[in-house]
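Visitor: Residue numbers (our numbering), protein chains in the order written: chain A, 13 to 341; chain B, 5 to 443. The structure under discussion is supplied below as structure tokens; questions concerning it will follow.
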Amino acid sequence: MPVPRARAFVVPWILGLLVFTLYPFAASFGYSFTDYSVLRAPEYVGGSNYAELASDAIFQRALLNTLVYAMLSIPAGVLVALGFAKALHAPVRGTSFYRAAIYVPHLVPTVASAILWMWLLNPGNGLVATLLRPVLDAASPFLDALGGWLGQAPPPEARGTSWKTPSFMQDGRLLGLDFKERQLVFGAMPSLVLLSVWGVGQMAIVYLAKLQDVPRELYEAARIDGAGGWAVFRHVELPQLSPVILFNVVMAIIGAFQLFAEPYIMTGGQGGPDYATYLVPMFIYDNAFDYHRMGYACAASWILFGLIALLTLVAFRVGQRRVHYAGGG
Amino acid sequence: MAADAAEKDVAPAERGALGPFARLGLQGFLLLATAVFLLPLAWMILTGLKPLEQTLKSPPEYLPRTETATLKPYAPGGAAAEDASPQRMAVVRQRELDAPHAIVHEARELAEAGERGKAFEDRLLVPLADLRPAGGAWGEPVEPGPAELRYQVGAEPGKRLFACTVLETCPAGWVLVKESVPDAGLTTKPAGSGEPVPYAWGVVPPEDLRSEVRFMWGNVPAGLRKMDFGRMLFNTLWIALLGMIGTTFASALAAYGFAFGSFRGRAALFAFTLATMMIPFPATMVPLYQVYRELGWIGTFKPLWVHSWFGAAFNIFLLRQFFLGLPRDLLDAARIDGCSELEIFFHVVVPLSKPALAMVALFHFLYAWKDFMGPLLYLTDKSQFTISLGLQAFLSQQGGSPWHLVMAAATIFSLPLVVLFVLAMKTFIRGVAMTGIKG
Numbered sequence: 013m014p015v016p017r018a019r020a021f022v023v024p025w026i027l028g029l030l031v032f033t034l035y036p037f038a039a040s041f042g043y044s045f046t047d048y049s050v051l052r053a054p055e056y057v058g059g060s061n062y063a064e065l066a067s068d069a070i071f072q073r074a075l076l077n078t079l080v081y082a083m084l085s086i087p088a089g090v091l092v093a094l095g096f097a098k099a100l101h102a103p104v105r106g107t108s109f110y111r112a113a114i115y116v117p118h119l120v121p122t123v124a125s126a127i128l129w130m131w132l133l134n135p136g137n138g139l140v141a142t143l144l145r146p147v148l149d150a151a152s153p154f155l156d157a158l159g160g161w162l163g164q165a166p167p168p169e170a171r172g173t174s175w176k177t178p179s180f181m182q183d184g185r186l187l188g189l190d191f192k193e194r195q196l197v198f199g200a201m202p203s204l205v206l207l208s209v210w211g212v213g214q215m216a217i218v219y220l221a222k223l224q225d226v227p228r229e230l231y232e233a234a235r236i237d238g239a240g241g242w243a244v245f246r247h248v249e250l251p252q253l254s255p256v257i258l259f260n261v262v263m264a265i266i267g268a269f270q271l272f273a274e275p276y277i278m279t280g281g282q283g284g285p286d287y288a289t290y291l292v293p294m295f296i297y298d299n300a301f302d303y304h305r306m307g308y309a310c311a312a313s314w315i316l317f318g319l320i321a322l323l324t325l326v327a328f329r330v331g332q333r334r335v336h337y338a339g340g341g
Numbered sequence: 005m006a007a008d009a010a011e012k013d014v015a016p017a018e019r020g021a022l023g024p025f026a027r028l029g030l031q032g033f034l035l036l037a038t039a040v041f042l043l044p045l046a047w048m049i050l051t052g053l054k055p056l057e058q059t060l061k062s063p064p065e066y067l068p069r070t071e072t073a074t075l076k077p078y079a080p081g082g083a084a085a086e087d088a089s090p091q092r093m094a095v096v097r098q099r100e101l102d103a104p105h106a107i108v109h110e111a112r113e114l115a116e117a118g119e120r121g122k123a124f125e126d127r128l129l130v131p132l133a134d135l136r137p138a139g140g141a142w143g144e145p146v147e148p149g150p151a152e153l154r155y156q157v158g159a160e161p162g163k164r165l166f167a168c169t170v171l172e173t174c175p176a177g178w179v180l181v182k183e184s185v186p187d188a189g190l191t192t193k194p195a196g197s198g199e200p201v202p203y204a205w206g207v208v209p210p211e212d213l214r215s216e217v218r219f220m221w222g223n224v225p226a227g228l229r230k231m232d233f234g235r236m237l238f239n240t241l242w243i244a245l246l247g248m249i250g251t252t253f254a255s256a257l258a259a260y261g262f263a264f265g266s267f268r269g270r271a272a273l274f275a276f277t278l279a280t281m282m283i284p285f286p287a288t289m290v291p292l293y294q295v296y297r298e299l300g301w302i303g304t305f306k307p308l309w310v311h312s313w314f315g316a317a318f319n320i321f322l323l324r325q326f327f328l329g330l331p332r333d334l335l336d337a338a339r340i341d342g343c344s345e346l347e348i349f350f351h352v353v354v355p356l357s358k359p360a361l362a363m364v365a366l367f368h369f370l371y372a373w374k375d376f377m378g379p380l381l382y383l384t385d386k387s388q389f390t391i392s393l394g395l396q397a398f399l400s401q402q403g404g405s406p407w408h409l410v411m412a413a414a415t416i417f418s419l420p421l422v423v424l425f426v427l428a429m430k431t432f433i434r435g436v437a438m439t440g441i442k443g
């Protein structure tokens with residue numbers, strides 16, 4: 013029995029929404045057509061901010077970085093989380109311990125985890141480099157061969173001592189292997205992805221809970237049909253999980269496009285090295301608060317929003333075809 | 005419901021029994037994966053308990069390990085320390101003596117005509133060749149007790165004459181060590197320069213030096229003191245608690261409205277509320293900053309908690325779902341008894357929704373404790389910094405060198421959330437399972 017009187021309860025929320033979200037959101041759209049700094053009143057400049065963004069190499073780099081980050085971190089996160097959920101769903105001892113252990117990294121505050129990973133990935137005496145060094149040493153013949161296969165073969169006299177780093181790997185931009193020093197130089201972007209995968213426990217627990225919700229009848233039906241482990245996962249569990257995966261992916265897209273703290277902390281606010289981790293939110297922050305180009309920053313923020321909206325739409329479209337909503341989800 | 009399922013630990017039989025090998029493989033995988041996830045945390049804690057010198061070693065050592073030697077503990081005023089009994093303490097090796105030396109103290113310049121009577125406050129380490137018994141010849145053996153010293157003061161050319169007391173003599177091959185203190189490197193004064201140094205130092209025979217595993221618990225207070233942790237803790241708690249109370253209360257209120265209120269466009273408004281979650285913070289950041297600036301709130305805590313008192317879309321969504329699951333009869337009965345909506349909210353809905361409210365509160369606390377961008381935008385003065393901001397500032401100010409202190413502080417920063425998790429594991433897991441997102 014819904015009652016009219018209770019509608020007053022949503023009034024504070026509506027007020028807050030107007031003041032803290034909708035007004036700023038609309039205003040930033042307005043500002044995006046102006047030249048505006050803290051000291052000067054906004055001045056209408058038409059679409060010139062957008063035109064400038066279209067030819068701003070740094071913005072393009074930031075946009076590309078953001079897309080690369082999203083494309084690496086989201087699938088990696090989903091896969092690792094699904095793997096954990098599936099393993100924890102199995103009838104083995106100690107799952108509550110494992111579940112807690114996997115969740116704990118998610119609790120480490122962003123600043124602490126960003127600093128911790130800087131320390132872990134430190135190429136000189138970081139733990140990751142130290143632990144992987146024996147592995148890399150053992151794999152060095154293979155790496156030498158791989159380097160040669162990639163067309164980066166050094167002159168014979170230098171073989172085994174100094175490899176030319178394949179150009180697409182320089183700065184460890186995509187892969188962390190430095191063929192020259194035969195060590196793992198964790199590149200900036202992989203480090204960010206690694207950091208996000210480390211916090212994947214949250215998602216794993218969600219998937220696990222959903223797995224535990226899969227109706228028994230479905231398992232029984234699958235068993236009668238003679239489905240094996242993989243078939244059960246593929247045709248019973250995955251369809252049941254698909255709505256929550258979709259939901260997670262959408263939230264992850266929104267999160268990935270807003271990523272600010274981690275690269276800011278790990279690169280001292282620079283987005284380095286050489287703009288390798290300069291993401292769009294950092295571009296907006298710098299323009300708004302360091303260069304005082306607030307109109308320009310707002311234009312960039314609307315492009316960011318447009319991208320999020322577009323990708324969310326795509327995710328839902330794909331979801332409509334692939335996601336299974338039977339049984340009320 | 006997900007909530008109940010999350011607590012099931014015993015797997016239902018339908019999942020199929022695993023063979024012993026599969027079981028073993030799975031255990032192995034889970035153990036390995038858990039180790040990989042926990043190793044970084046272990047590294048954070050271990051680094052926080054290492055002496056500075058060890059954090060610079062490459063390749064790194066796993067356990068906190070230090071050299072120890074028997075020294076008299078530091079006491080202000082040098083001589084006072086001489087009465088204390090020696091202890092085994094963590095030390096840093098400075099250098100091996102290449103010639104016999106002596107430790108002297110109470111060195112006062114023999115004020116010849118017109119000279120400043122310079123005196124050294126601390127003990128000095130000097131070569132024996134520069135000492136003579138009072139009134140004796142250079143190079144004559146000295147005993148502990150009064151002696152005379154020729155000593156070069158700083159970079160001034162020429163040695164000047166001092167009267168002093170020899171405390172002990174040490175042969176060549178002994179090692180000059182100083183006590184390993186947590187904030188060494190930040191407050192370095194060379195041992196033996198005569199200026200008071202806030203740590204113990206001495207010369208020990210090489211066989212007295214031992215390398216042993218020792219946890220440097222002193223790093224924790226030193227790191228916290230260095231970054232003014234106490235004040236930042238207060239700031240963080242203030243912001244987190246105010247926001248937590250606000251968002252729990254306001255979101256519950258709005259959720260009640262959406263769940264039980266009837267008005268035109270309710271469904272559309274609720275859908276719109278959910279859609280606003282898609283607006284990225286950077287898209288509202290600039291005008292929002294202007295709003296707060298107009299209000300004069302920049303440089304105060306207000307931008308960090310006031311908006312919470314109007315609710316948050318995600319929390320409203322969660323709580324509405326929960327409220328819709330409450331028994332309707334109870335609410336209707338209360339209405340028939342003449343309760344106002346506010347009374348129903350406080351006396352019926354809130355008591356029944358404690359788990360959901362606790363979850364919302366917990367997740368807001370987590371969010372506020374971890375938040376970095378908000379404080380970065382709005383807090384200007386160091387005295388207002390939250391721990392997040394303070395830890396980042398600490399790292400960038402110190403040029404990233406005192407990793408042992410940074411890691412000790414980071415550990416303490418993370419600890420409350422981990423403790424909270426261990427204490428409220430059920431609420432957490434149930435909450436995470438229900439929300440499916442956040443963070």
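All residues carry an ideal CB built from backbone N, CA and C; glycine is no exception.
Nearest chain B C-beta to F45(A) closer than 7 Å, yes or no?
Guide: By this cut-off, F45(A) is not an interface position.
Visitor: Quick one: does T169(B) have its CB under 7 Å from some CB of chain A?
Guide: T169(B) does not count as touching chain A.
Visitor: Can you check which of these residues, A141(B), P161(B), R136(B) and V201(B), is closest to T169(B) by C-alpha distance?
Guide: Closest option to T169(B), Cα to Cα, is R136(B).
Visitor: Does the CB of S357(B) have a neighbour CB from chain A at under 7 Å?
Guide: It does not; no Cβ of chain A falls within 7 Å.
Visitor: Less than 7 Å between the beta carbons of F71(A) and F295(A), yes or no?
Guide: In this structure, F295(A) lies closer than 7 Å to F71(A) by Cβ.
Visitor: Rounded C-beta distance between A126(A) and I277(A)? I'm assuming under 8 Å.
Guide: The Cβ separation is near 4 Å, so the contact holds.
Visitor: Quick test of the definition: if touching needs 3 or more C-beta pairs under 8 Å, does the segment 206–219 of chain B touch the segment 173–188 of chain B?
Guide: The segment 206–219 of chain B vs the segment 173–188 of chain B: in contact.
Visitor: Measuring alpha carbon to alpha carbon, tell me which residue in Y35(A), L119(A), L29(A) and A221(A) is nearest A437(B).
Guide: It is A221(A) whose Cα lies nearest to the Cα of A437(B).
Visitor: Can you give me the Cβ contacts of G211(A) inside the same chain, cut-off strictly under 6 Å, excluding the 5 residues immediately before and after it?
Guide: Result list for G211(A): P117 and H118, in chain order.
Visitor: Please state whether the Cβ-Cβ distance between A167(B) and L129(B) is less than 7 Å.
Guide: In this structure, L129(B) does not lie closer than 7 Å to A167(B) by Cβ.
Visitor: Strictly under 7 Å for the Cβ-Cβ distance: is T251(B) near chain A by that measure?
Guide: By this cut-off, T251(B) is not an interface position.
Visitor: In whole angstroms, what is the alpha-carbon distance linking E100(B) and A97(A)?
Guide: Straight-line Cα distance between these residues: approximately 58 Å.
Visitor: Return no unless some Cβ of chain B is closer than 7 Å to the Cβ of P293(A).
Guide: Yes, because at least one Cβ of chain B sits closer than 7 Å to the Cβ of P293(A).
Visitor: Give a yes or no on contact between the segment 425–437 of chain B and the segment 65–79 of chain B, applying the rule of three or more CB pairs nearer than 8 Å.
Guide: Taking 8 Å as the limit for Cβ pairs, the verdict is that the segment 65–79 of chain B does not touch the segment 425–437 of chain B.
Visitor: May I have a chain-ordered list of the alpha helix (DSSP H) segments no shorter than 4 residues that lie completely inside the segment 163–236 of chain B?
Guide: Listed in chain order, they are 223–230.
Visitor: In the segment 202–217 of chain A, which residues sit with their C-beta less than 8 Å from some C-beta in chain B, listed in chain order?
Guide: The segment 202–217 of chain A vs chain B, Cβ under 8 Å: W210, G211, G213, Q214 and I217.
Visitor: For chain B, find out if any of its Cβ atoms is closer than 7 Å to the Cβ of V335(A); answer yes or no.
Guide: With 7 Å as the cut-off, V335(A) does not count as an interface residue toward chain B.
Visitor: Does the beta-carbon distance from H408(B) to K54(B) come in below 7 Å?
Guide: Yes; because the gap between Cβ atoms is below 7 Å, this pair is in contact.
Visitor: Taking DSSP as the reference, what is the three-state secondary structure of T277(B)?
Guide: Helix.
Visitor: Using the three-state DSSP reduction, which class does H105(B) fall into: helix, strand or coil?
Guide: Here H105(B) sits in strand by DSSP.
Visitor: So, with DSSP's three-state summary, where would you put L265(B)?
Guide: Note on identity: in this sequence residue 265(B) is Gly, with Leu being the wrong assignment. Correct three-state label for G265(B): strand.
Visitor: Using only CA atoms, which one of T280(B), S255(B) and F350(B) lies nearest to L34(A)?
Guide: Looking at the Cα atoms, T280(B) is the closest of the given residues.
Visitor: Do we get a CB-CB distance below 7 Å when we pair W301(B) with the residues of chain A?
Guide: No, W301(B) lies away from the interface with chain A (no Cβ there is under 7 Å from its Cβ).
Visitor: Is it true that the segment 346–359 of chain B meets the segment 284–293 of chain B, where meeting means three or more beta-carbon pairs spaced less than 8 Å apart?
Guide: Not touching, per the Cβ criterion.
Visitor: Looking only at C-alpha atoms, which of V330(A), A243(A), Q214(A) and Q282(A) sits nearest to G89(A)?
Guide: Among V330(A), A243(A), Q214(A) and Q282(A), the Cα nearest to that of G89(A) belongs to Q214(A).
Visitor: Is the segment 255–275 of chain A touching the segment 316–325 of chain A in the sense that three or more CB pairs, one from each, lie closer than 8 Å?
Guide: Cβ pair count under 8 Å is three or more, so yes.
Visitor: Can you tell me which residues form a DSSP beta bridge with E152(B)?
Guide: R136(B) and A167(B).
Visitor: What's the gap between the Cα of N299(A) and the Cα of A150(A)?
Guide: Each residue's alpha carbon lies about 47 Å from the other.
Visitor: With a cut-off of 8 Å on the beta carbons, I'd call M236(B) and I391(B) a contact; round off their distance for me.
Guide: Indeed, because the Cβ distance is near 5 Å, the residues count as touching under 8 Å.
Visitor: Which same chain residues end up closer than 8 Å to L245(B) when comparing Cβ atoms and leaving out the 5 residues on each side of it in sequence?
Guide: Hits under 8 Å: F369.
Visitor: Looking at C-beta atoms only, is the number of pairs between the segment 381–388 of chain B and the segment 297–304 of chain B that lie closer than 8 Å three or more?
Guide: Touching, per the Cβ criterion.
Visitor: Look at A360(B) and F314(B) and say whether their C-beta atoms are less than 7 Å apart.
Guide: Cβ distance not < 7 Å, so A360(B) and F314(B) don't count as in contact.
Visitor: In the DSSP output, which residue or residues are listed as bridge partners for R92(B)?
Guide: T74(B), per the DSSP bridge assignment.
Visitor: Are the segment 259–267 of chain B and the segment 281–297 of chain A in contact at 8 Å, needing three or more beta carbon pairs?
Guide: No, the segment 259–267 of chain B does not touch the segment 281–297 of chain A.
Visitor: From which residue to which residue does the beta strand (DSSP E) around L129(B) run?
Guide: Unbroken beta strand (DSSP E) run through L129(B): L128 to P131.
Visitor: Taking I86(A) as the query, report the chain B residues whose CB atoms sit under 7 Å from its CB, ordered along the chain.
Guide: Within 7 Å Cβ-Cβ: nothing; I86(A) doesn't reach chain B, min ~13 Å.
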